[in-house]
Amino acid sequence: MIMLKVAVVGLNETGERYMQHLLSMEQTEIVGIYDVQPEVASEWAQRCGCPTFGSYEALEAALPSNAVLVCIGLSFDSHKPYILQALTSGRHVIARMPAAVDVADVQEMLDTAEASGSQLLFSHPERFYYHNVDLRKRIKAGAIGNIGMINVKRYCPYPTSASPQYESDTDGVHWTGGLNGETLEGIKGGALFHLALHDIDLLRWTVGEVANVYAMRTATEYLDYVLVTLKFENGAIANIEAYWGYPGGYTSAVEFAGSKGVIRYDSRKTNGLYIHKAADMRSAQPTKAEFSPSFRQPERDELVQLLSCIRDGSKPLMTAEDACETLKVVIAAEQSLRTGQPVERSSASADSFINGEVGGGGDYA
1 MIMLKVAVVG LNETGERYMQ HLLSMEQTEI VGIYDVQPEV ASEWAQRCGC
51 PTFGSYEALE AALPSNAVLV CIGLSFDSHK PYILQALTSG RHVIARMPAA
101 VDVADVQEML DTAEASGSQL LFSHPERFYY HNVDLRKRIK AGAIGNIGMI
151 NVKRYCPYPT SASPQYESDT DGVHWTGGLN GETLEGIKGG ALFHLALHDI
201 DLLRWTVGEV ANVYAMRTAT EYLDYVLVTL KFENGAIANI EAYWGYPGGY
251 TSAVEFAGSK GVIRYDSRKT NGLYIHKAAD MRSAQPTKAE FSPSFRQPER
301 DELVQLLSCI RDGSKPLMTA EDACETLKVV IAAEQSLRTG QPVERSSASA
351 DSFINGEVGG GGDYA
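Start counting the sequence shown at 1; every next residue gets the next number (full-length UniProt numbering).
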């Protein structure tokens, strides 16, 4: 197996987890680190025996020509300059999906990768979480027939290290673009961009392409709640609740209702996956899917796959087209928040997130 040399940019909480994953891989060598917090970069450099750099330009100049850039521990709206410079230099890049907050920026990155012969690969470990894989496998196998209705919840506590960005006026408190804090990555788009986006991608992966989007939002000083309704091209309807500021612990739940039954997952339950078959509806007891707990890590599994794609040119589970299409749906939802109207995915404007125009509409508390 080919030994890959890897440089890491961004060491927030997510970036540090990926550093640990890289250190656990035998055929990967970390050859450089850059972070805006030099003390954090120095600590990790000592642990992995590699140099750290005071600027990205210095890192880029010192790297071997075949080094891969892992750019996951950064906020979405700060990826672009690092990714473009690396791709222009002919480096392969692994970045968080969707790597930018508007489609034009993502397309510019992809065009640069094509021109230089480099690969731009997108990370979205939700596609590697075992309950998501199992749900999709069962649905694709016809376990519950044709999908009619989907309900999704993703609730997250308010980040204690973050400070909200809001504007108050006579109409209430308006969310203006996200949270920022010393230890939390810059956040743009609140619950829509950082919570609902994950479920939008998972539903596209499982159900198919989205036809149109309608969204509503409630925002207060320490709460951002978004409800997104998706109508799919095959006729299925999905309601996604994304709640930032939830008073309990992190929660993820989904229910698919089909012509032959219902399948559910709920992170709050020990036996999270249940299937209710249509023939069993007279019984109060659902059919429980038995599966063994695993000590594998979805983030690491995905990173292994992405590095393998660089080694052998194989196709990743999350493609560039997936990243762009998911971002288009998020942009359509944002436009619906501003206009109060349903938005066709195909008509969503590419510049919705430019200049911080996020969350200007919808329903406010």
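Here a beta-carbon is modelled for each residue, glycine too, at the ideal position from N, C-alpha and C.
None of these values were measured; they are calculated from a predicted model.
Taking its Cβ as the centre, do 16 or more other Cβ atoms sit within 10 Å of Q27, making it buried, or is it exposed? Flag for Q27 reads exposed.
For L317 and V68, what's the separation of their Cα atoms in angstroms? Their Cα atoms are separated by approximately 19 angstroms.
Inspect the beta-carbon positions of L230 and V210 and report whether they are closer than 7 angstroms. Yes, the pair counts as a contact, with Cβ atoms nearer than the cut-off.
Assign A113 to one of two classes, buried (16 or more other C-beta atoms within 10 Å of its C-beta) or exposed (fewer than that). Buried is the call here.
Determine, using beta-carbon pairs with one atom in the segment 235-248 and one in the segment 149-156, whether at least three such pairs fall under 8 angstroms. At 8 angstroms Cβ cutoff, the stretches touch.
Rounded to whole angstroms, what's the CA-CA distance from A289 to D199? Just pull it up for me. Because A289 carries a pLDDT of 40, less than 50, the predicted location of this residue cannot be relied on, and the following value inherits that uncertainty. A289 and D199: Cα-Cα distance of roughly 22 angstroms.
How would you write the range of the beta strand (DSSP E) that G240 sits in, first residue to last? Gly is not the amino acid found at residue 240; the sequence shown has Ile there. Note, I240: beta strand (DSSP E), I237 to W244.
Does the separation of the CB atoms of C48 and G32 fall below 7 angstroms? The answer is no: Cβ separation not under 7 angstroms.
Helix, strand or coil, according to DSSP, for I263 in the structure here? Correct three-state label for I263: strand.
Length-filtered (3 minimum) beta strand (DSSP E) runs lying within the segment 74-142: DSSP runs (the beta strand (DSSP E)) wholly in the segment 74-142: 93-96 and 120-123.
Just to confirm, are Y34 and V9 a CB contact at a threshold of 7 angstroms? Y34 places its beta carbon less than 7 angstroms from that of V9.
Pairing CB atoms from the segment 118-137 with CB atoms from the segment 309-329, are three or more of them under 8 angstroms? Taking 8 angstroms as the limit for Cβ pairs, the verdict is that the segment 309-329 does touch the segment 118-137.
Apart from the five residues on each side of it in sequence, which residues of its chain come closer than 7 angstroms, Cβ to Cβ, to V106? Excluding the 5 residues flanking it on each side, V106 has same chain C-beta neighbours closer than 7 angstroms at P98, A99, A100, A323, C324 and L327, in chain order.
Taking T218 as the reference, give the member of W44, E39 and L337 with the closest Cα. Looking at W44, E39 and L337, the one whose alpha-carbon comes closest to that of T218 is L337.
Quick one, which of S89, A45, E29 and W44 has its alpha-carbon nearest E57's? With distances taken between Cα atoms, E57 lies closest to S89.
Can you tell me whether L223 is helix, strand or coil according to DSSP? Judged by DSSP in its simplified three-state form, L223 adopts strand.
For S252, count neighbouring C-beta atoms within 10 Å of its own C-beta (all shown protein chains included) and say buried if the count is 16 or more, exposed if not. When all chains shown are included, S252 counts as buried.
Beta carbon of T339: closer than 6 angstroms to some heavy atom of the ligand MN? Because no ligand of any kind appears in the structure shown, any question about the ligand MN cannot be addressed here.
Can you have a look at residue 366 and say buried or exposed, based on whether 16 or more other CB atoms are within 10 angstroms of its CB? Given a span of 1 to 365 for the chain in the structure shown, any question on residue 366 remains unanswerable.
Under the assumption that Y18 contacts G54 (Cβ atoms under 8 angstroms), give the Cβ distance between them as a whole number of angstroms. That pair is no contact at about 21 angstroms.
How would you write the range of the alpha helix (DSSP H) that A67 sits in, first residue to last? That residue, A67, is in no alpha helix (DSSP H); it is neither H nor E in DSSP.
Using a 10 Å radius around the Cβ and a threshold of 16 neighbouring Cβ atoms, would you call R268 buried or exposed? Result: exposed.
For R111, which of K80, V226 and Y130 has the nearest alpha-carbon? Contrary to the premise, residue 111 reads as Asp rather than Arg in this sequence. Among K80, V226 and Y130, the Cα nearest to that of D111 belongs to K80.
What's the gap between the Cα of L135 and the Cα of M3? Per the coordinates, the alpha-carbon of L135 lies some 35 angstroms from the alpha-carbon of M3.
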